[in-house]
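Just so we're aligned: the sequence shown equals residues 11 to 126 in this note's numbering. Data block below; observations after.
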Amino acid sequence: MLITVSESPLPVMAQLLPVFGILANDLNKDGRQDLFLAGNFFGLKPQTGRFDASYGSTFLGAGGNTFNYVHPAISGLLVKGEARDIATIRGANGAEYIAVAINNDKLCLFKRKSNR
11 MLITVSESPL PVMAQLLPVF GILANDLNKD GRQDLFLAGN FFGLKPQTGR FDASYGSTFL
71 GAGGNTFNYV HPAISGLLVK GEARDIATIR GANGAEYIAV AINNDKLCLF KRKSNR
C-alpha cells in the first residue's frame with residue numbers, strides 16, 4: 011500500500027505552548043479532519059515559571075490542509091491542568107466521548123454531540 015504524505019505548517023495558535031496530546035478527528039461532523047491539542051507543563055524551575063496558559067486548542071479543518079482556530083469558550087473543549095494524552099472512547103451506552111488524561115488529576119471527559 012502506497013501512502014502519500016504532505017507537510018503543512020500548523021496555525022500559529024498551535025505553536026504557542028507545549029502540546030502533549032493531539033486528537034485528529036472530525037469533531038464537528040462536517041467530513042473534514044479537525045484537530046484538538048492540549049498540554050501545559052508545570053515542572054519548570056520556580057525562576058522560569060510554569061507553562062499553564064493553555065486550555066486546549068481546537069482547529070476545524072477548512073479544506074486544503076488549512077485549519078481555523080476555535081476558542082475553547084466556543085468549542086466547549088476547555089481543559090485545565092497538565093494534559094498528557096487525548097483519545098476518543100465509546101461508553102457502554104454507545105455515546106462517544108473525548109477523554110483527556112490530566113497529570114496527577116482526574117480524567118476529563120467531553121460527551122460528543124450526535125446532532126450532526
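Glycine included, each C-beta is placed from N, C-alpha and C at the ideal position.
For residue i, does the three-state DSSP call read helix, strand or coil?
| i | result |
| --- | --- |
| Val-29 | strand |
| Val-110 | strand |
| Lys-123 | coil |
| Met-11 | coil |
| Val-24 | Inspection of the sequence shows that residue 24 is occupied by Ala rather than by Val. The answer is helix: DSSP assigns Ala-24 an H, G or I state. |
| Asp-115 | coil |
| Ala-102 | coil |
Measure the C-alpha to C-alpha separation of residue i and residue j and round it to an integer number of angstroms.
| i | j | result |
| --- | --- | --- |
| Gly-74 | Arg-122 | 25 Å |
| Ala-105 | Asp-44 | 19 Å |
| Ala-83 | Ser-64 | 13 Å |
| His-81 | Thr-14 | 31 Å |
| Met-23 | Val-89 | 16 Å |
| Ala-34 | Asp-62 | 23 Å |
| Gly-71 | Asn-78 | 7 Å |
| Thr-68 | Leu-12 | 30 Å |
| Leu-47 | Gly-66 | 6 Å |
| Val-110 | Gly-91 | 10 Å |
| Ser-18 | Gln-25 | 13 Å |
| Ala-97 | Phe-120 | 11 Å |
| Asn-50 | Pro-21 | 18 Å |
| Asp-40 | Leu-117 | 27 Å |
| Ala-29 | Ala-93 | This sequence places Val at residue 29; Ala is not what is there. Using only the alpha carbons, I get a separation of about 8 Å. |
| Ile-108 | Ile-99 | 6 Å |
| Ser-16 | Thr-76 | 12 Å |
Do residue j and residue i count as a contact pair if the criterion is CB distance below 9 Å?
| i | j | result |
| --- | --- | --- |
| Gly-53 | Asp-95 | no |
| Leu-37 | Ser-85 | yes |
Any heavy atom of the ligand ZN closer than 8 Å to the CB of residue i?
| i | result |
| --- | --- |
| Asn-50 | Within the structure as shown, the ligand ZN is missing, as the structure has no ligands at all. |
Pick out the complete beta strand (DSSP E) segments inside the segment 31-89, 3 residues or longer, and give them in chain order.
Within the segment 31-89, the complete beta strand (DSSP E) runs of at least 3 residues are 44-49, 67-73 and 76-80.
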